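Protein chains: 2
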Amino acid sequence: MVTLEQKYCALLGVAQEKGQADLSKMKACFEVLALASAIDRACARRLAPYQLSEGKFIVLFLLQQMPQGGAPNELAERAGVTRGTITGLLDGLERDGYISRQQDATDRRRLIVRLSPQGEEVAAKLGEEHSRWIGSLFEGFSEEDFKVLSPLLNRVWKTLEEDDVI
Amino acid sequence: MVTLEQKYCALLGVAQEKGQADLSKMKACFEVLALASAIDRACARRLAPYQLSEGKFIVLFLLQQMPQGGAPNELAERAGVTRGTITGLLDGLERDGYISRQQDATDRRRLIVRLSPQGEEVAAKLGEEHSRWIGSLFEGFSEEDFKVLSPLLNRVWKTLEEDDVI
DNA sequence: GACATATAATTTGGCGCCTTATAATTTGAT
DNA sequence: ATCAAATTATAAGGCGCCAAATTATATGTC
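In order, the protein sequence lines correspond to chains Z and U. In this text, residue positions in the first sequence follow the working numbering: the first is 7, and each later residue adds one. In this text, residue positions in the second sequence follow the working numbering: the first is 7, and each later residue adds one.
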């Protein structure tokens with residue numbers, strides 16, 4: 007089996023010349039990236055039979071929790087993509103009959119996006135399936151493990167946010 | 007500031023109904039994904055001025071460690087992308103003068119990809135810069151922290167690999 | 001009431017990546 | 001020696017995503 011470390015060993019040559027500290031940091035970074043990309047791919051494979059990408063799935067998931075519908079910009083923000091992207095995702099979802107777009111009566115710039123009955127059904131089924139799958143990935147993790155993992159990841163996230171502002 | 011948890015809180019509604027254990031698992035999963043995607047975006051922004059994507063950068067980086075050049079399929083495997091993808095990345099790198107493709111004398115199916123002088127230069131400069139940046143993301147992490155983080159990430163990775171085989 | 005400004009959604013153009021199909025070449029079994 | 005199978009690289013088509021530009025509508029100010 008290829009470990010995460012092995013997968014990126016080629017990229018670590020440079021760090022090795024710089025001492026243990028940098029090596030550990032680069033390794034950790036690649037581990038996070040490689041794991042996320044593995045999760046993404048597995049996820050994409052799971053969703054492909056439904057013509058859904060991860061982005062579309064998240065939109066369905068979000069809409070499920072907005073029974074009275076939601077605006078594209080709101081969906082974009084919650085899903086973490088741009089408004090331009092959300093337009094494309096909604097196009098696909100509409101084409102496949104999962105959602106409908108409806109003009110807002112009071113502000114004609116606005117749209118209201120709603121799940122179709124079919125969308126409801128798929129969202130419910132996949133939501134259930136998906137959360138079970140995610141659960142299985144972290145099977146065997148204790149609450150203690152999460153208490154350790156979460157703050158570490160969040161520390162990097164925070165650094166990154168500060169970084170970006172500059 | 008938006009924390010990783012907040013970012014995905016909307017997605018956690020379902021998990022909340024299923025108890026603490028599942029909630030922690032989904033949270034952790036989203037934290038990994040969100041962090042990786044934040045790193046990817048920041049990385050893309052850093053590389054954009056050089057007309058480089060993360061994929062292209064990794065190819066440059068790999069080539070730097072193959073002084074006698076490398077084959078596309080080898081690069082694809084080490085970079086973790088498909089051969090089809092590597093062709094596109096090499097196209098871009100060749101167009102921008104960072105690499106050259108050369109036919110292998112003994113097997114005419116094969117190519118040898120090499121860095122151009124310009125490619126060497128950029129690879130060296132960016133490699134240095136990039137590893138310093140990654141280091142800065144994990145600034146303040148102790149060796150102890152990595153000893154905890156790494157096995158946790160690798161456990162999920164392992165589960166995922168087993169998953170895929172099935 | 002007119003005009004600048006803000007906001008909503010979309011369009012456009014681009015890149016990365018994937019999957020599937022194709023073409024060229026080599027290898028291996030018979 | 002021949003022909004099927006494997007391997008190499010590429011092409012084609014598609015989706016997701018982004019940034020920047022565009023269009024339509026609303027709002028606030030003078």
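C-beta atoms are modelled at their ideal positions from N, C-alpha and C, and glycine is treated no differently. Bear in mind the structure is a predicted one, so any value in this text is a computation, not a measurement.
Identity of the residues DSSP links to residue i by a beta bridge
| i | result |
| --- | --- |
| residue 117 (chain Z) | Z:109 |
| residue 176 (chain U) | An answer regarding residue 176 (chain U) cannot be provided, because it is not within the stretch 7 to 172 covered by chain U. |
| residue 3 (chain U) | Because chain U here runs from 7 to 172, residue 3 (chain U) falls outside it and cannot be looked at. |
Contacts that residue i makes with chain U (C-beta to C-beta distance below 8 Å)
| i | result |
| --- | --- |
| residue 131 (chain Z) | Those within 8 Å of residue 131 (chain Z) in chain U number zero; the least Cβ separation is about 12 Å. |
Proximal chain U residues relative to residue i, where beta-carbon distance stays under 9 Å
| i | result |
| --- | --- |
| residue 31 (chain Z) | 137, 140, 141, 142, 143, 144, 145, 147, 152 |
| residue 44 (chain Z) | 162, 163, 166, 167, 170 |
| residue 50 (chain Z) | Here the premise fails: no neighbours, minimum Cβ distance about 12 Å. |
Short Cβ contact (7 Å threshold) for residue i with residue j
| i | j | result |
| --- | --- | --- |
| residue 120 (chain U) | residue 77 (chain U) | no |
| residue 141 (chain U) | residue 28 (chain Z) | yes |
| residue 31 (chain Z) | residue 67 (chain U) | no |
| residue 70 (chain Z) | residue 129 (chain Z) | yes |
| residue 110 (chain U) | residue 57 (chain U) | no |
| residue 65 (chain Z) | residue 40 (chain Z) | no |
| residue 62 (chain U) | residue 95 (chain U) | yes |
| residue 162 (chain U) | residue 154 (chain Z) | no |
| residue 166 (chain Z) | residue 44 (chain U) | yes |
| residue 99 (chain Z) | residue 92 (chain Z) | no |
| residue 42 (chain U) | residue 38 (chain Z) | yes |
| residue 125 (chain Z) | residue 105 (chain Z) | yes |
| residue 118 (chain U) | residue 146 (chain U) | no |
Residue i: CB within 6 Å of a non-hydrogen atom of the ligand ZN
| i | result |
| --- | --- |
| residue 138 (chain U) | In terms of ligand content, the structure shown is empty, and the ligand ZN therefore cannot be addressed. |
Under 9 Å by beta carbon: chain Z residues contacting residue i
| i | result |
| --- | --- |
| residue 37 (chain U) | 155, 156, 159, 160, 163 |
| residue 54 (chain U) | Correct list: empty, because the minimum Cβ distance to chain Z is about 14 Å. |
Amino acids of chain Z, ordered along the chain, whose beta-carbon sits closer than 7 Å to that of residue i
| i | result |
| --- | --- |
| residue 28 (chain U) | 137, 141 |
Contacts that residue i makes with chain U (C-beta to C-beta distance below 7 Å)
| i | result |
| --- | --- |
| residue 41 (chain Z) | 38, 159, 162, 163 |
Problem - chain U contacts from the region 156–170 of chain Z (Cβ-Cβ distance under 8 Å) - result: Answer in chain order: 156, 158, 159, 160, 161, 162, 163, 164, 165, 166, 167, 169, 170.
Exercise for the section: Can you give me, in chain order, the residues of the region 71–93 of chain U that have a beta carbon less than 8 Å from any beta carbon in chain Z? Expected result: Residues passing the 8 Å Cβ filter: 71, 84, 86.
Exercise for the section: Output, in sequence order along the chain, the residues in the region 99–124 of chain Z whose CB is closer than 7 Å to any CB in chain U. Expected result: Within the region 99–124 of chain Z, no residue qualifies.
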